[in-house]
Amino acid sequence: MQLERALQSAGLVEDEHYTAQAHFKNEEGKRNYPDFILNLPDEKHLIIDSKMSLNAYQSAVSAEDEIERQAFLREHIKALRNHIDDLSRKDYSNLIGVRSPNFVLMFIAVEPAYIEALKMDPSLFGYGYDKNVIMVSHTTLMPILRTVANLWRVERGNAEAREISEKAGDIYNQICLLAERLAKVGNSLSTVSSHYNSAVTALVGQQGLMGKVERFKDLSAKAMKTMPDVEPLYHDFEVERLLAHQENSEEE
Numbered sequence: 001m002q003l004e005r006a007l008q009s010a011g012l013v014e015d016e017h018y019t020a021q022a023h024f025k026n027e028e029g030k031r032n033y034p035d036f037i038l039n040l041p042d043e044k045h046l047i048i049d050s051k052m053s054l055n056a057y058q059s060a061v062s063a064e065d066e067i068e069r070q071a072f073l074r075e076h077i078k079a080l081r082n083h084i085d086d087l088s089r090k091d092y093s094n095l096i097g098v099r100s101p102n103f104v105l106m107f108i109a110v111e112p113a114y115i116e117a118l119k120m121d122p123s124l125f126g127y128g129y130d131k132n133v134i135m136v137s138h139t140t141l142m143p144i145l146r147t148v149a150n151l152w153r154v155e156r157g158n159a160e161a162r163e164i165s166e167k168a169g170d171i172y173n174q175i176c177l178l179a180e181r182l183a184k185v186g187n188s189l190s191t192v193s194s195h196y197n198s199a200v201t202a203l204v205g206q207q208g209l210m211g212k213v214e215r216f217k218d219l220s221a222k223a224m225k226t227m228p229d230v231e232p233l234y235h236d237f238e239v240e241r242l243l244a245h246q247e248n249s250e251e252e
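Residues in the sequence shown are numbered consecutively from 1, following UniProt numbering.
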């Protein structure tokens, strides 16, 4: 079908950007079958009809004389007006589940049929417009389809930007959580280190226990063990370097 080829040449994909022959109910419960529903961002739609019969126009093309040709062209215009009236009565824009502007695009597959009709009846386009039916040919439809395709590209870019923003926020929050946990571990280690150094001071300091019991070794034959060297935990200069690096990063 020519209309579907036009959709695909504009970069639109079936079941993603458009749906063919989907059925919907109107407010009275009657089923309607729009030829194509274009999906737009924000769950909106645009309806395209392509059921227009061009039999009268084909007869005009095959006519043997100008009088016969003009008669068939008048029939062609009458058929176009009748189809406009039919689409207006169907009121596709108010179908349940469809969020469409209050107009439908009426696609005329043969470009000369569109041009000849408007040449013979310049009021025809306005007639359809007043009834919320916009006549389009391949030439006038393609810019609309490309606009829809561009809208989807913009939407895809916006969605990717939102995803990156959300992931960046998640990563930042995870790093903050890790930093909080490291701070707690550091505080715990600092407390343990302080208690350890206090205990070492009590053991080996100037007034520590070790100095007081050292003479016991000479007084008892059972004192066979050697007292190990117990050193306090000194300040970690690597930690100091990391803290300095952190402060420099924050200043930058």
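Cβ atoms here follow ideal geometry from the backbone N, Cα and C, with glycine treated the same way.
- With respect to the 8 angstroms criterion, ALA60 and HIS83 are not classified as neighbours on the basis of their beta carbons.
- The three-state secondary structure of THR201, taken from DSSP, is helix.
- If you check the CB distance, PHE125 and ASP49 do not come in under 8 angstroms.
- When only Cα atoms are considered, LYS131 and ASP85 end up about 7 angstroms apart.
- Annotation: LYS119 to ARG69 spans about 14 angstroms, alpha carbon to alpha carbon.
- Going by DSSP, ASN39 is part of the beta strand (DSSP E) stretching over 36–40.
- In this structure, GLU111 is the residue among ALA202, THR147, GLU111 with its C-alpha nearest to the C-alpha of GLN2.
- The shortest C-alpha to C-alpha distance from GLN21 to any of ILE134, PRO34, LYS51, GLU66 is the one to PRO34.
- In the three-state DSSP reduction, PHE107 falls in the strand class (E or B).
- Counting other Cβ atoms within 10 Å of its Cβ, TYR129 stays below 16 and is therefore classed as exposed.
- HIS195 counts as exposed, since fewer than 16 other beta carbons sit within 10 angstroms of its beta carbon.
- Take ALA63, set aside five residues on each side of it, and the residues of its chain with a beta-carbon closer than 7 angstroms to its own are ARG69, PHE72, in chain order.
- When C-beta atoms of the stretch 142–150 are compared with those of the stretch 166–175, fewer than three pairs fall below 8 angstroms, so the two segments do not count as touching.
- Our two residues, ASP42 and SER100, have alpha carbons roughly 11 angstroms apart in a direct line.
- Within the model, the alpha-carbon separation for THR140 versus ALA168 is close to 43 angstroms.
- Taking a 10 Å sphere around the C-beta of VAL136, we find 16 or more other C-beta atoms and assign the residue as buried.
- Assigned with DSSP and collapsed to three states, ALA179 falls in helix.
- ASN32 is the residue among LEU80, ALA109, ASN32, ASP170 whose C-alpha sits nearest the C-alpha of ASP91.
- Shown here, ALA71 sits in a helix according to DSSP, grouped into three states.
- Residue burial annotation: ILE37 is buried, with at least 16 other C-beta atoms found within 10 angstroms of its C-beta.
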